[in-house]
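First the structure, in the form of structure tokens, and then the observations on it.
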Amino acid sequence: MRALALASVLLAATPAAADYMVKEVGSFHVGGRTETLNGLPSKEIVFSPGAPPIKVDPNGELKSSRCTCST
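For the sequence shown, the positions run 0 to 70 when numbering that gives the first Met the number 0 is used.
Structure representation (structure tokens):
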């Protein structure tokens, strides 16, 4: 009886063969607009103690109000 219970647990844990195949995985963007940032000061940021600082300039063009959807 114990062997039958063990066999049924092992059989249930075995994955079944897939009925479908994934051909491609990708993403696309919906909506949005281009925004421009001007006149903001640059900063030096240290992410980890002892790491070299990184200069960050927030000025420039960026995309806003969009949705990235994965397929």
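The beta-carbon is built from N, C-alpha and C at its ideal position, and this holds for glycine as well.
Relative to the Cα of Val55, the nearest Cα in the group Ile44, Ser26, His28 belongs to Ile44. Cβ-Cβ distances below 6 Å link Gly31 to Lys62, Ser64, Arg65 in the same chain, with the five nearest sequence neighbours on each side left out; the list follows chain order. In the three-state DSSP reduction, Phe46 falls in the coil class, being neither helix nor strand.
In the structure shown, the three-state DSSP call for Lys62 is strand. A straight-line Cα-Cα distance of about 17 Å links Met20 and Ser69. The closest CA to that of Ser41, considering only Pro57, Pro51, Val24, is found on Pro57.
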